[in-house]
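Participant:
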Amino acid sequence: MVWIILIAIVVVLLLIIGATYNSLVQLRNKVRDQFSQIDVQLKKRFDLIPNLVETVKGYAKHESETFEAVIKARNSYQTAKTDDDKIAANQEITTGLSKLFALAENYPELKANTNFLDLQSQLKDIEDKIAYSRQFYNDSVLSYNNKVEMFPSNIIAGMFNFKTEKFFEASNEEKENVQVKF
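Under numbering that gives the first Met the number 0, the sequence shown is numbered contiguously, ending at residue 181.
#1: Just to confirm before moving on: does the CB-CB distance between residue 79 and residue 92 stay below 8 Å?
#2: Quick check on the burial criterion: 16 or more other C-beta atoms within 10 angstroms. Buried or exposed for residue 129?
#3: Mind pulling the alpha helix (DSSP H) runs of 4 or more residues that sit fully within the segment 64 to 149?
#4: For residue 33 versus residue 161, is the C-beta distance shorter than 8 Å?
#5: Let me confirm a value: residue 5 is counted as buried when at least 16 other C-beta atoms fall within 10 Å, else exposed. Which label applies?
#6: Is there contact here, the segment 48 to 59 with the segment 98 to 109, by at least three beta-carbon pairs under 8 Å?
#7: So, using beta-carbon positions, are residue 41 and residue 122 closer together than 8 Å?
#8: Would residue 140 and residue 24 qualify as a contact pair, given that the criterion is a beta-carbon distance under 8 Å?
#9: In angstroms with no decimal places, state the Cα-to-Cα distance between residue 7 and residue 152.
#10: Suppose contacts are defined by Cβ-Cβ distances below 8 Å. Is residue 37 in contact with residue 166 by that definition?
Below you can see the structure in the form of structure tokens.
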């Protein structure tokens, strides 16, 4: 009778460990999937950048420093090896694009160019999708981190080396107030 109780306890413990482990794997995979969704939107944005730069170049030939910064940031994302490198490169791109659009403000004929307006509209749509993707990613990270850090799943997470993930945070430039000039 004692053996049956011991076997039942061991089986219940193994089932709890297995279920907790599987939920940790599922949440970690969701975090990875959500980060890849951000990647998809960033790839769309990167595909637009050369067209946008070429359009602006036609009007602002002497602004090569701004163009080079945007292209350099785009290339650094494509060669990034880690998620942290990708996040840093994304922040550089956001800064560069802000400068590019600020530059466009100085060229009224550029602001009226239909190709530029179309590219700007596409970029705005993609930026909205990136924001939603970041939100979903951070929601997934929150669920996963809670599971990794809360008792009793933290014991199993520690046994199997599950680590918390970083949130996708806005850069300092993105947190600053936007200046609107008329």
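For glycine and all other residues, C-beta sits at the position ideal for the given N, C-alpha and C.
Facilitator: The relevant details are as follows:
#1: The residue you call residue 79 lines up with position 80 of the sequence shown. The residue you call residue 92 lines up with position 93 of the sequence shown. Taking 8 Å as the Cβ cut-off, residue 79 and residue 92 do not qualify as a contacting pair.
#2: In the sequence shown, residue 129 corresponds to position 130, counting from 1. Residue 129 should be labelled buried.
#3: 82 to 103, 107 to 110, 113 to 148
#4: Taking the first residue of the sequence shown as 1, we reach residue 33 at position 34. Taking the first residue of the sequence shown as 1, we reach residue 161 at position 162. Result no, Cβ atoms of residue 33 and residue 161 do not sit closer than 8 Å.
#5: Taking the first residue of the sequence shown as position 1, residue 5 is located at position 6. Classification of residue 5: exposed, given that the 10 Å Cβ count is below 16.
#6: yes
#7: Mapped onto the sequence shown, residue 41 falls at position 42. Mapped onto the sequence shown, residue 122 falls at position 123. No; because the gap between Cβ atoms is not below 8 Å, this pair is not in contact.
#8: Position 141 of the sequence shown, counted from the start, is the residue given in the question as residue 140. Position 25 of the sequence shown, counted from the start, is the residue given in the question as residue 24. Note that the C-beta distance between residue 140 and residue 24 is not below 8 Å.
#9: For the purposes of this step, residue 7 is taken as residue 8 along the sequence shown, with counting starting at 1. For the purposes of this step, residue 152 is taken as residue 153 along the sequence shown, with counting starting at 1. Answer to the nearest angstrom: the Cα atoms are 21 Å apart.
#10: For this step, residue 37 is matched to residue 38 along the sequence shown. For this step, residue 166 is matched to residue 167 along the sequence shown. No.
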